[in-house]
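Per this note's numbering, the very first residue in the sequence shown carries number 14; after that it's consecutive.
Cβ atoms here follow ideal geometry from the backbone N, Cα and C, with glycine treated the same way.
Keep in mind that this is a model prediction, so the values were computed, not measured.
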Amino acid sequence: TRTPKTTTSTQCATGCSRCGSKGANNVDFLYWMGKAVKGMFQSVPAAPGELQISEKMANAITGWLLAFYQRPAWLEAGYRVTNTPINVTDYMSTLACNEIAMSAGASARGTWINDQLTRFLLPQLKNAVQLAGAGGRVVVKPYPSGRNIYCEIIPADRIYPTRINGAGVTEAGFFTDFAALRGRKVVRVEAWDLQPYGLYLQNRAYWYNAGDTLGGELALTDVPEWAGLEPEVVIRGVDRPLFGELRMPMANTVDETSKLPVSLYARAVDTMAELDRIYSEFLWEIHTGKRKRIVDRTAFQPDKSGGGVPFKDQTTDLYLSMDLTGDMGQGDPFRDYTPALRVEEYQKAIDIQCRLLERQTGFSPGTFSFDLKSGRMTATQVVSDDKETYNTTKAIQENGLRQGLLDLMYAYDIYATLYGLAPAGAFDPSVSFGDSIFEDTGVEFARRKGLVDSGYLRPELLVGWYFGVSEQEAREKYMPEPRPMLRFPEE
Numbered sequence: 014t015r016t017p018k019t020t021t022s023t024q025c026a027t028g029c030s031r032c033g034s035k036g037a038n039n040v041d042f043l044y045w046m047g048k049a050v051k052g053m054f055q056s057v058p059a060a061p062g063e064l065q066i067s068e069k070m071a072n073a074i075t076g077w078l079l080a081f082y083q084r085p086a087w088l089e090a091g092y093r094v095t096n097t098p099i100n101v102t103d104y105m106s107t108l109a110c111n112e113i114a115m116s117a118g119a120s121a122r123g124t125w126i127n128d129q130l131t132r133f134l135l136p137q138l139k140n141a142v143q144l145a146g147a148g149g150r151v152v153v154k155p156y157p158s159g160r161n162i163y164c165e166i167i168p169a170d171r172i173y174p175t176r177i178n179g180a181g182v183t184e185a186g187f188f189t190d191f192a193a194l195r196g197r198k199v200v201r202v203e204a205w206d207l208q209p210y211g212l213y214l215q216n217r218a219y220w221y222n223a224g225d226t227l228g229g230e231l232a233l234t235d236v237p238e239w240a241g242l243e244p245e246v247v248i249r250g251v252d253r254p255l256f257g258e259l260r261m262p263m264a265n266t267v268d269e270t271s272k273l274p275v276s277l278y279a280r281a282v283d284t285m286a287e288l289d290r291i292y293s294e295f296l297w298e299i300h301t302g303k304r305k306r307i308v309d310r311t312a313f314q315p316d317k318s319g320g321g322v323p324f325k326d327q328t329t330d331l332y333l334s335m336d337l338t339g340d341m342g343q344g345d346p347f348r349d350y351t352p353a354l355r356v357e358e359y360q361k362a363i364d365i366q367c368r369l370l371e372r373q374t375g376f377s378p379g380t381f382s383f384d385l386k387s388g389r390m391t392a393t394q395v396v397s398d399d400k401e402t403y404n405t406t407k408a409i410q411e412n413g414l415r416q417g418l419l420d421l422m423y424a425y426d427i428y429a430t431l432y433g434l435a436p437a438g439a440f441d442p443s444v445s446f447g448d449s450i451f452e453d454t455g456v457e458f459a460r461r462k463g464l465v466d467s468g469y470l471r472p473e474l475l476v477g478w479y480f481g482v483s484e485q486e487a488r489e490k491y492m493p494e495p496r497p498m499l500r501f502p503e504e
């Protein structure tokens, strides 16, 4: 059965020109869109239930992404942004993805999938994890095109779950995508529903009217970007949706009834707003704190070449006084005034907010400090000093990324079969995360080698960990053939 191909698209629910959403002026757009679309899928088997995004969660998701795209709700006229949401999520995604290794095994099929992952997924995986940090989650959705499988990154504000199981897996819902047709905006809605018999998929397209209302339905073939999609399809024999969901593992402190994940900086919104305010005020003081010269009226002499305009010193702000009296007026018609910049006070204020930001996002004290850290000699010290950062990164990797990446490779295997893209063979998926940023690899290798020598650990597990491959691949490609035992003749 042929599955629908999807086109890549940028995220659209934060006021971009593609979808025409209201962005900052309508932070409940996500909730409204979900309600407007949900009722259109009556033909879906076990039609989608209630939208699993409350208005409170929709507002929060849109707010987090607005901040990430440098249009935070607290932005005022004349304020400057520090891009804290970008910096925090970039740091997190770098640590989480720096040494990631994905493998589908050593078979012919596994080798083909590994090549696809290396060419088309891994180059954009860090950006996907960063966007998951901003909105709480992303869906990495593979789609076949020609002889390859590419991936679309769907942010949180284009994901509408309608059924989430007890393990937090989204089993039914829909995605949205936007395009333009004859100068008018159109929206595509892709619904999915995991049933006992398999996965049901449906694509529909609608006009996007002025006033942000959905208009009449149009054919998918009318829109060039969607002309190759199937309106409906059933994929039998699968036990999960054909995408990978990357999530943040932090507790939901926005809506206690919601099963949805929250942004990495969900607890730090007020702190980031305060950082932007302090930073903006500091810049204002710098720009208005130039050297000033106070000049007596009688000291001015018209500049004949300039039409009677007094000379203006471009290096200072010139203040003209009506009449100077007292000591200043006795033979001293000029007086310099240079205000002292309160650099240290502002730095302390910013540092206090940085300490709060670190606690609220799970990073070690000093991570976002203005003071440079002293160099460390060993990775063991990094684990000791950056314990909070290490724990947060490992939680994201193990509880937020691993299963989603395994599900993604599962989808690769299904599509390889459906489209005949890869030869038959064993599928042995594995995901590993290197720790050399935090741990001393040499010390850890010696520890595991000791377990192997003592008979407490299989050698292929050590080799697989060291090279970042699966146990099967370590055994078949990296380990030498066992030598035959020498036998001595019996006396």
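Out of curiosity, what's the CA-to-CA distance linking ASP252 and ALA437? Using only the alpha carbons, I get a separation of about 20 Å.
Of all the options PRO378, ILE248 and LEU144, which has the alpha carbon lying nearest to the alpha carbon of TYR428? Just measuring C-alpha positions, the residue of PRO378, ILE248 and LEU144 sitting nearest TYR428 is ILE248.
Per DSSP, what kind of secondary structure is PRO472 in: helix, strand or coil? When secondary structure is reduced to three states using DSSP, PRO472 falls in the helix class.
Alpha-carbon spacing of LEU419 relative to ALA240, whole angstroms: About 30 Å.
I'd like the list of long-range same chain contacts for ASP426, defined as Cβ closer than 6 Å, with 5 residues on each side in sequence excluded. Excluding sequence positions up to five before and after ASP426, its CB lies within less than 6 Å of the CB of PHE440, all in the same chain and listed in chain order.
Does the beta-carbon distance from MET285 to LEU370 come in below 8 Å? Cβ atoms of MET285 and LEU370: closer than 8 Å.
Opening and closing residue of the alpha helix (DSSP H) in which LYS69 lies: Element bounds for LYS69: 68 to 81.
Cβ neighbours of GLY388 in the same chain (closer than 7 Å, five flanking residues each side left out): Because GLY388 sits at a pLDDT of 46, beneath the cut-off of 50, its placement in the model cannot be relied upon, and the following sentence gives the value as read from the coordinates. Once the five neighbours on either side are set aside, GLY388 has no close Cβ partner at all.
Put THR405 into one of helix, strand or coil per three-state DSSP. Helix at THR405.
Span of the alpha helix (DSSP H) around TYR425: From DSSP, the alpha helix (DSSP H) with TYR425 extends over 415 to 431.
Can you tell me whether PRO174 is helix, strand or coil according to DSSP? Note: PRO174 maps to strand in three-state DSSP.
Residue interval of the alpha helix (DSSP H) (run including TYR292): Note, TYR292: alpha helix (DSSP H), 282 to 301.
Between which residues of its own chain and SER106 is the CB-CB distance below 7 Å, once the five residues before and five after are set aside? In its chain, beyond the 5 residues on either side, LYS139, VAL142, GLN143 and GLY146 have a beta carbon closer than 7 Å to the beta carbon of SER106.
How many angstroms separate the CA atom of ALA71 from the CA atom of GLU473? Taking the straight line joining both Cα atoms gives about 47 Å.
For GLY257, three-class secondary structure by DSSP: Of the three classes helix, strand and coil, the one that applies to GLY257 here is strand, per DSSP.
Grab me the residues of ILE113's own chain with a C-beta within less than 6 Å of its C-beta, minus the 5 sequence neighbours each way, in chain order. Apart from the 5 residues on each side of it in sequence, ILE113 sits with its Cβ closer than 6 Å to the Cβ of PHE446 in its chain, given in chain order.
Close Cβ partners of PRO442 (< 6 Å) along its chain, the five nearest in sequence each way excluded: So the qualifying residues of the chain are ALA117, LEU419 and MET422.
Among GLU401, TRP220 and GLY76, which has the Cα closest to the Cα of GLY229? Nearest C-alpha to GLY229: TRP220.
With PRO155 as the anchor, note down where its beta strand (DSSP E) starts and where it stops. PRO155 -> beta strand (DSSP E) spans 150 to 158.
Residue of TYR292, GLU258, TYR432 and GLY433 minimising C-alpha distance to GLN416: With distances taken between Cα atoms, GLN416 lies closest to GLU258.
So what does DSSP say about PRO495, is it helix, strand or coil? Here DSSP, grouped into helix, strand and coil, assigns PRO495 to coil.
In the DSSP assignment, find the alpha helix (DSSP H) that holds SER106 and state where it starts and stops. 97 to 110 is the extent of the alpha helix (DSSP H) around SER106.
Looking at the strands, I want to know which residues DSSP matches up with ASN161. Looking at the DSSP output, ASN161 bridges to SER158.
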